[in-house]
Each structure stands twice: as C-alpha cells, then as structure tokens.
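Mapping to the UniProt record's numbering: the sequence shown position 75 is 75, numbers consecutive.
Heads up: the structure comes next, in structure tokens.
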Amino acid sequence: MESVVAIYSAPIPVGHRVEVHWYVAQTGGVLGPKTEQQDHQPLIKDLDTGIEYMGDWLLTHTGIKRPKRAIEVSEHLRHELEPVRVLVGTVRRCRVVTLAWSEYDVQTHLDVEPDA
C-alpha cells in the first residue's frame with residue numbers, strides 16, 4: 001500500500017483507479033539554476049472519471065489574484081517539468097481533511113494499492 005498526501009482537495013472514491021505523477025522543475029535563480037520539487041502536489045488522475053487534480057505549481061499562470069475573478073491557468077503543464085515518479089493503482093482509502101490552523105485549508109490522504 002502506498003500513501004499519497006496532497007495539499008488540495010481530491011475526493012476520489014474508494015475502488016477507483018488512479019494515476020499519480022510527481023514532477024521536478026529546473027528553474028533559474030539569482031545564484032543559478034535550482035531544482036523545485038513539490039512532493040505534496042502531485043498530479044492525480046482518476047482513471048474512472050478522467051478528472052485531474054493538481055496544485056497550481058504544475059501550471060503556468062499570472063500569479064495575480066483579483067476579487068471575484070478566477071486566475072487564468074494554462075491548459076497544459078509547465079514545459080520545464082520533468083517526471084520523477086508515477087504510481088498507478090486502486091484507491092483503498094480516501095480522507096479529505098480540513099485544517100483550521102494551517103496555511104493550507106485542506107489536504108487529501110489516499111491509500112493506493114499499486115497495480116501488480
């Protein structure tokens with residue numbers, strides 16, 4: 001059994017098959033390139049419904065939030081992302097937890113039984 005924790009809501013029903021992708025990105029910085037990895041922001045795809053769940057770091061966006069308007073995000077993943085790991089399996093437990101005291105409002109805990 002593999003545990004997946006995501007710092008966003010991904011209410012995937014028990015019994016559904018999922019594909020979980022983790023990425024790294026090489027980004028430029030003042031002191032040279034650096035590797036950015038967000039272990040708790042994988043792309044999670046529910047293979048039974050086709051719904052994709054992800055954090056905004058995987059997409060290109062303006063980064064500007066305005067009242068009563070959605071932030072425009074790219075249709076495709078950022079071009080500098082490199083896949084690190086993929087997990088394909090069946091969800092055996094799903095918990096969506098609201099965190100009242102955290103900077104993240106909600107997180108998802110999935111127990112995934114990997115395909116053989």
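Here a beta-carbon is modelled for each residue, glycine too, at the ideal position from N, C-alpha and C.
Which of helix, strand or coil does DSSP assign to W22? Note: W22 maps to strand in three-state DSSP.
Cβ separation of V14 and V96, assumed to be a contact under 8 Å, to the nearest whole Å: The distance from the Cβ of V14 to that of V96 is about 12 Å, inconsistent with a contact at the 8 Å cut-off.
For A6, is the classification buried or exposed, using 16 other Cβ atoms within 10 angstroms of its Cβ as the cut-off for buried? By the neighbour-count rule (16 or more Cβ atoms within 10 Å), A6 is buried.
Selection from T35, S9, I44 that minimises the alpha carbon distance to V86: Looking at the Cα atoms, I44 is the closest of the given residues.
Take the Cβ of G32 as the centre, count every other Cβ of all protein chains shown within 10 Å, and call the residue buried at 16 or more, exposed below. When all chains shown are included, G32 counts as exposed.
Separation of A10 from G50, as counted between CA atoms: Taking the straight line from one Cα to the other gives about 13 Å.
Which one or two residues does DSSP pair with H109 in a beta bridge? Paired residue(s): V5, R95.
Separation of G89 from D39, as counted between CA atoms: G89 has its alpha-carbon roughly 18 Å from the corresponding atom of D39.
I believe V24 touches T35 by the beta-carbon criterion, under 8 Å. Please report the beta-carbon distance rounded to the nearest angstrom. About 5 Å separates the beta carbons of V24 and T35, which is inside the 8 Å limit, making them a contact pair.
Three-state secondary structure assigned by DSSP to L31: If DSSP states are grouped into helix, strand and coil, L31 belongs with coil.
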